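Numbering of the sequence shown is given in this note's numbering, commencing with residue 13 and proceeding in unit increments. Every residue gets a Cβ at the ideal spot worked out from N, C-alpha and C, and that includes glycine. Owing to the predicted nature of the structure, the values given are computational and were not obtained by experimental measurement.
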Amino acid sequence: MAVLITGASGYIGHHLTKRLVEENKTVTAILRPSSQPDRLRALGGGVRLYVDDGTPDGLASAFDGGPVETVFHLAAHRPGGGEEDRDATLEANVDFSTRLWHAARQNNCKAFINTGSYWQFDAAGKPAPNSFYAETKQTFQDFLYTRPEDGGLAAVTLVLFDVYGPGDWRGGLTAAFGRAAQGEPVDMSGGEQVLDMIHVSDVVDGFLNAATLLKRGDIGPRHRAYFLGSEHPATLKNIAAVFEAACGRPLALNWGALDYHPNQIFQPCPADPMLPEWKPSHSLGAGFAELAGELNLSNTV
Numbered sequence: 013m014a015v016l017i018t019g020a021s022g023y024i025g026h027h028l029t030k031r032l033v034e035e036n037k038t039v040t041a042i043l044r045p046s047s048q049p050d051r052l053r054a055l056g057g058g059v060r061l062y063v064d065d066g067t068p069d070g071l072a073s074a075f076d077g078g079p080v081e082t083v084f085h086l087a088a089h090r091p092g093g094g095e096e097d098r099d100a101t102l103e104a105n106v107d108f109s110t111r112l113w114h115a116a117r118q119n120n121c122k123a124f125i126n127t128g129s130y131w132q133f134d135a136a137g138k139p140a141p142n143s144f145y146a147e148t149k150q151t152f153q154d155f156l157y158t159r160p161e162d163g164g165l166a167a168v169t170l171v172l173f174d175v176y177g178p179g180d181w182r183g184g185l186t187a188a189f190g191r192a193a194q195g196e197p198v199d200m201s202g203g204e205q206v207l208d209m210i211h212v213s214d215v216v217d218g219f220l221n222a223a224t225l226l227k228r229g230d231i232g233p234r235h236r237a238y239f240l241g242s243e244h245p246a247t248l249k250n251i252a253a254v255f256e257a258a259c260g261r262p263l264a265l266n267w268g269a270l271d272y273h274p275n276q277i278f279q280p281c282p283a284d285p286m287l288p289e290w291k292p293s294h295s296l297g298a299g300f301a302e303l304a305g306e307l308n309l310s311n312t313v
């Protein structure tokens, strides 16, 4: 059976697409006109690329490659600022997502796996979006909660925390740690915020496991959100110490040089409920040792 994925040109989506190809799935990747498809093309002929034209019926032909069993919806847009970018965020995270769900239902798809963010929740796990991006993610998740159970399309949302892993072209925290390990001074906040770092391979396992559970009827048909957490959240300072241990050298981090973000989450929501029959297999130390080896900084070399 075929599967369809959005967000395949992103870091997490690329890793999921690669795993699906390795499992000999027929994969259709829905892209925006602005998406960069080079990494997907490098995966070979197992990935069919489909560019969405934004029209109400434009997604229908994305399902023409054969009966689509599962939709993995990872695409999202974060606004950089300005009303125009807010409009783009609303279109991507709500309008496109809704069109995708309707297209999946009309084409007799059986499983729809949505992606959420811990930014949608407060420290107690109650919906409290910390940004416009998180508001739009919550809006679509609320839409899924209201969908009828008939029609054969079962939906689930997987809520992600801070995803890291090898070959991460996004920059971000682990890239900053890598520069600091090589002696480049890097300004940081006070480092007291708690993060839940989860390896990208564990996240991919979660998406595949969710598809299996939906297919077996072990979860669904009514929508529910499940969390993919590491089980070991830690402060940013303690996370940096784990990276230092993996590298065997100090990090040139200037703690307190930057203000905390205005919407900083200091305590993420609990990863509860966790996805059934799934547990992370990568400890933070092992994951960071992998990154240190990738940067030729490994403490074991």
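Query, Result
"Assuming Val83 contacts Ile125 under a Cβ cut-off of 8 angstroms, what Cβ separation, rounded to an integer in Å, is found between them?", "7 angstroms"
"As a quick exercise: from Pro288, Thr151, Gln150 and Ala264, pick the residue whose alpha carbon is nearest that of Pro197.", "Ala264"
"Among the residues of its own chain, which have a CB less than 8 angstroms from the CB of Val33, if the five just before and after it don't count?", "Val39, Leu55, Gly56, Gly58 and Val59"
"Select from Tyr62, His27 and Lys37 the residue whose C-alpha is nearest the C-alpha of Val15.", "Lys37"
"Short check: CB of Gln279 to CB of Ala135, under 7 angstroms?", "yes"
"Assign Ser225 to one of two classes, buried (16 or more other C-beta atoms within 10 Å of its C-beta) or exposed (fewer than that).", "According to the sequence provided, residue 225 is Leu. The question's Ser does not apply to it. Label assigned to Leu225: buried."
"For a quick check, are the C-beta atoms of Gly137 and Pro282 less than 7 angstroms apart?", "yes"
"Taking Ile9 as part of the beta strand (DSSP E), name the residues at either end of that continuous run.", "Past the edges of the chain, shown from 13 to 313, lies residue 9, and the structure says nothing about it."
"Short check: CB of Ala167 to CB of Leu156, under 7 angstroms?", "yes"
"Using a threshold of 6 angstroms, is the CB atom of Ala54 nearer than that to any non-hydrogen atom of the ligand MG?", "The model on display carries no ligand, and the ligand MG is accordingly not part of it."
"Residues in its own chain within less than 8 angstroms of Thr101 by CB, not counting five upstream and five downstream?", "His89, Arg90, Pro91, Phe144, Tyr145 and Thr148"
"Kindly indicate which three-state DSSP category Ala283 falls into: helix, strand or coil?", "coil"
"So, for Arg31: in the same chain, excluding its five sequence neighbours on each side, which residues have a beta-carbon less than 6 angstroms away from its beta-carbon?", "Val216"
"Near Val313, what residues of its chain come up, given a Cβ to Cβ distance below 8 angstroms and the 5 sequence neighbours on each side ignored?", "Bear in mind that a pLDDT of 41 at Val313, under 50, signals an unreliable position, so the number given afterwards is only what the model happens to contain. Here the set comprises Gly305."
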